[in-house]
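Its first residue numbered 1, the sequence shown is counted upward by one per residue in UniProt numbering. Okay, so here's the structure we're looking at.
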Amino acid sequence: MSEGNIDEEFERIIAGMEESDTDEPAPQPDDRGTEDEQVTQEEVDPDQPVDESLHLEQGTQRIGLIFAPLRPASAVARMLGMYKIARWIVPIDHQIVLYLELDPDDGEEEFASLLGEERPMPEEVDRFAKVISKLSKFGVVAVVSTLAEEDSLVAGSVYARRYVNGQPEEAIPAGLLINSIDIRAEDLLLGRSRPQDYPDAVHATERPVPKGRGFGFPKLP
Numbered sequence: 001m002s003e004g005n006i007d008e009e010f011e012r013i014i015a016g017m018e019e020s021d022t023d024e025p026a027p028q029p030d031d032r033g034t035e036d037e038q039v040t041q042e043e044v045d046p047d048q049p050v051d052e053s054l055h056l057e058q059g060t061q062r063i064g065l066i067f068a069p070l071r072p073a074s075a076v077a078r079m080l081g082m083y084k085i086a087r088w089i090v091p092i093d094h095q096i097v098l099y100l101e102l103d104p105d106d107g108e109e110e111f112a113s114l115l116g117e118e119r120p121m122p123e124e125v126d127r128f129a130k131v132i133s134k135l136s137k138f139g140v141v142a143v144v145s146t147l148a149e150e151d152s153l154v155a156g157s158v159y160a161r162r163y164v165n166g167q168p169e170e171a172i173p174a175g176l177l178i179n180s181i182d183i184r185a186e187d188l189l190l191g192r193s194r195p196q197d198y199p200d201a202v203h204a205t206e207r208p209v210p211k212g213r214g215f216g217f218p219k220l221p
């Protein structure tokens with residue numbers, strides 16, 4: 001990423017996104033539905049396992065999420081478009097997550113898994129986490145899940161790492177993270193949902209920087 005001076009308008013956009021909850025309230029679960037739907041929900045056995053294979057294409061899946069304390073999602077999408085990052089952004093409680101579908105057949109993943117929680121992040125996740133961590137003084141948290149289905153059972157691993165000001169920092173225990181994240185993020189990470197399932201999700205698209213602004217295209221590292 002270019003380290004040159006960023007003009008005042010660019011800085012105002014960043015400042016306006018960070019911890020801006022007034023323009024876009026945190027999404028609330030939609031508990032509206034027909035009477036039949038409500039009856040069906042009441043009859044669901046709470047002990048019945050969730051169908052986690054719903055989105056496991058060809059029996060495997062790797063998902064990367066980047067948690068960032070930035071709001072609203074629409075402003076984050078515009079900013080990421082300037083960085084030529086075209087990905088889904090899902091708003092969660094007081095922050096957003098950037099959703100990344102990763103190659104499940106990465107040959108280096110099997111070897112890296114031997115390192116446990118200290119394994120390096122996939123290149124795509126690492127690059128985007130470095131960029132977005134520069135937009136918030138609190139940094140971001142990058143999380144990767146690798147899931148595989150065999151004989152109707154789903155197994156896998158989750159690992160996470162914090163990034164601050166463009167640099168990776170300490171690993172975060174996956175168990176602690178899973179127990180504390182928003183239910184939307186958990187469903188995305190475990191393959192129970194996709195960004196398209198949420199009406200307030202936003203897809204960032206590449207967008208040109210207006211001429212005469214004093215800065216060119218920000219570059220990924």
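From the three backbone atoms N, C-alpha and C, an ideal C-beta is built for every residue, glycine too. It should be emphasised that the depicted structure is a prediction, and the values quoted were computed from it without experimental measurement.
Non-local beta-carbon contacts of Ser180 in its own chain, meaning distances under 8 Å to residues more than five positions away in sequence, are absent. Residue environment analysis places Ala86 among the exposed positions, since fewer than 16 neighbouring C-beta atoms fall within 10 angstroms of its C-beta.
Counting C-beta atoms within 10 angstroms of its own C-beta, Ile183 has fewer than 16 neighbours from the protein chains shown and is therefore classed as exposed. For Asn165, the closest alpha carbon among the candidates Lys137, Arg78 and Met82 is that of Lys137. Excluding residues up to 5 positions away in sequence, Ile66, Ala68, Leu98 and Val140 lie with their Cβ nearer than 7 Å to the Cβ of Ile132 in the same chain. By the Cβ-count criterion, Leu80 is buried, with 16 or more other Cβ atoms from all chains shown falling within 10 Å of its own Cβ. The beta-carbon distance between Ile89 and Val76, rounded to whole angstroms, is 6 Å. This is short enough to meet the 8 Å contact definition. By the 16-neighbour rule on beta-carbons within 10 angstroms, Gln95 is buried. With 16 or more other Cβ atoms inside 10 Å of its own Cβ, Thr146 counts as buried. Nearest to Arg119 by alpha-carbon distance, out of Val158, Tyr83, Leu153 and Leu102, is Val158.
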